[in-house]
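J.: Got a structure for you, questions after.
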Amino acid sequence: MELRFDGKAALITGGARGIGFATARMLAKGGAKVALVDIQGDLVQSSARKLSQETGAQVIGVRADLTVEDDVRKMAASANEKLGAVDIFVSSAAIVDDKLFLDTSPSDWHRMLDVCLYGPMLCLHGLLPAMIDRGYGRVICLASDSARLGQARLSSYAAAKAGVIALVKSIAQEVGKSGVTLNIVSPGATDTEMRQERETHMREQMGEEKYQRRLKTVLRMYPTGRLGKPDDIAAAVAFLASDEASWITGQVLSVNGGFAMP
Ligand SMILES: NC(=O)c1ccc[n+]([C@@H]2O[C@H](COP(=O)([O-])OP(=O)(O)OC[C@H]3O[C@@H](n4cnc5c(N)ncnc54)[C@H](O)[C@@H]3O)[C@@H](O)[C@H]2O)c1
Numbered sequence: 001m002e003l004r005f006d007g008k009a010a011l012i013t014g015g016a017r018g019i020g021f022a023t024a025r026m027l028a029k030g031g032a033k034v035a036l037v038d039i040q041g042d043l044v045q046s047s048a049r050k051l052s053q054e055t056g057a058q059v060i061g062v063r064a065d066l067t068v069e070d071d072v073r074k075m076a077a078s079a080n081e082k083l084g085a086v087d088i089f090v091s092s093a094a095i096v097d098d099k100l101f102l103d104t105s106p107s108d109w110h111r112m113l114d115v116c117l118y119g120p121m122l123c124l125h126g127l128l129p130a131m132i133d134r135g136y137g138r139v140i141c142l143a144s145d146s147a148r149l150g151q152a153r154l155s156s157y158a159a160a161k162a163g164v165i166a167l168v169k170s171i172a173q174e175v176g177k178s179g180v181t182l183n184i185v186s187p188g189a190t191d192t193e194m195r196q197e198r199e200t201h202m203r204e205q206m207g208e209e210k211y212q213r214r215l216k217t218v219l220r221m222y223p224t225g226r227l228g229k230p231d232d233i234a235a236a237v238a239f240l241a242s243d244e245a246s247w248i249t250g251q252v253l254s255v256n257g258g259f260a261m262p
């Protein structure tokens, strides 16, 4: 089955790199016009140029901080003006905070909840009305298996992502008849800049020998014997974004090499 997105406009937050960028590439190769949105202004512009050159698709880069209401409003307006009505919304932007809960502070929790829960909420609130009016929409929010299972050192991140799962399921119930579907993709450990940054920090803290032992232990937890690649996750997002997935809504799809089978 070849998934096609001809004529569709997709907006992807956190699209400058990682899973967001891999998803953008897959949708663009399938014929979609793409808006990459990211807080990293220079990176989002260079990623947009790269994607357009690689695929020939119409791609725009939009700098926005998703925790700022005005940025989100401008982001939606800009995509609408340059690409037309948004058909596909992928929420991939996130941060992580690798600390024990008791070492975190209220300001850490606020930032985490702002980026990982309030940000997707603002975007959904801004983008859904037009999708409902047009009777078509595909929404995919990236969560994490840490939200389903809990994960030491990621408590506020896991809590925010659990909130996203509850949010998406609830809205999916509200808008089910409108032709708009909302689903969650929940990745296991995937080799992106986000993970690399976290691993570098861990390696420095643990020292090489202990870090290598930990890496082997982590890999043993994955029945498929490897960590995820951004394209592994993007493929699941692309399927849920396709016309073929019209009867799937309110679901959580773990894409995790068998790490957990919740
Ligand atoms: N990589 C993994 O192992 C993994 C595992 C589970 C879940 N996930 C989830 O998958 C998604 C993508 O992760 P990734 O590994 O590609 O991350 P990444 O860090 O490589 O990319 C995330 C992007 O979000 C952007 N961003 C952060 N805060 C923002 C803000 N306030 N406004 C706009 N943009 C902002 C960053 O600049 C970055 O480009 C995230 O939602 C993440 O939680 C990733």
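For the sequence shown, this note's numbering assigns the number 1 to the initial residue and increments by one for each residue that follows.
Positions of the beta carbon are idealized from the N, C-alpha and C atoms, including for glycine.
1) Just how far apart, CA to CA, sit SER91 and SER105?
2) Write down the C-beta distance between LEU253 and ALA236 rounded to the nearest angstrom, noting that I regard them as a contact closer than 8 Å.
3) Report yes or no: do the region 192 to 208 and the region 158 to 173 share at least 3 C-beta pairs separated by less than 8 Å?
4) Is the beta carbon of THR16 less than 9 Å from the beta carbon of VAL34?
5) Hey, out of VAL59, GLN173 and MET221, whose CA is closest to LEU36's CA?
6) Could you check the C-alpha separation between ALA172 and LEU182 for me, to the nearest Å?
7) Any heavy atom of ligand 1 within a distance shorter than 8 Å of the CB on MET194?
8) What does DSSP give as the partner residue(s) for ILE95 in the beta ladder?
9) I need the boundaries of the alpha helix (DSSP H) containing ALA238, first residue and last residue.
10) Helix, strand or coil: which one does DSSP assign to LYS216?
11) Our contact map puts ALA93 next to GLY119 with C-beta atoms below 8 Å; I'd like the distance itself, whole angstroms only.
12) Assign MET261 to one of two classes, buried (16 or more other C-beta atoms within 10 Å of its C-beta) or exposed (fewer than that).
13) Considering only residues of the same chain and omitting the five flanking positions on each side of GLU69, which have a CB-CB separation below 7 Å?
14) For the alpha helix (DSSP H) that ASN80 lies in, which residues bound it at each end?
15) Is PRO187 helix, strand or coil by DSSP?
16) Please report how far the alpha carbon of ASP114 lies from the alpha carbon of GLY7, in whole angstroms.
T.: The answer reads as follows:
1) 26 Å
2) 6 Å
3) no
4) A small correction: the amino acid at residue 16 is Ala; Thr does not occupy that position in the sequence shown. Contact: no.
5) VAL59
6) 6 Å
7) yes
8) BP columns for ILE95 are empty, so no partner.
9) 230 to 241
10) helix
11) 6 Å
12) exposed
13) LEU122
14) 69 to 83
15) strand
16) 33 Å
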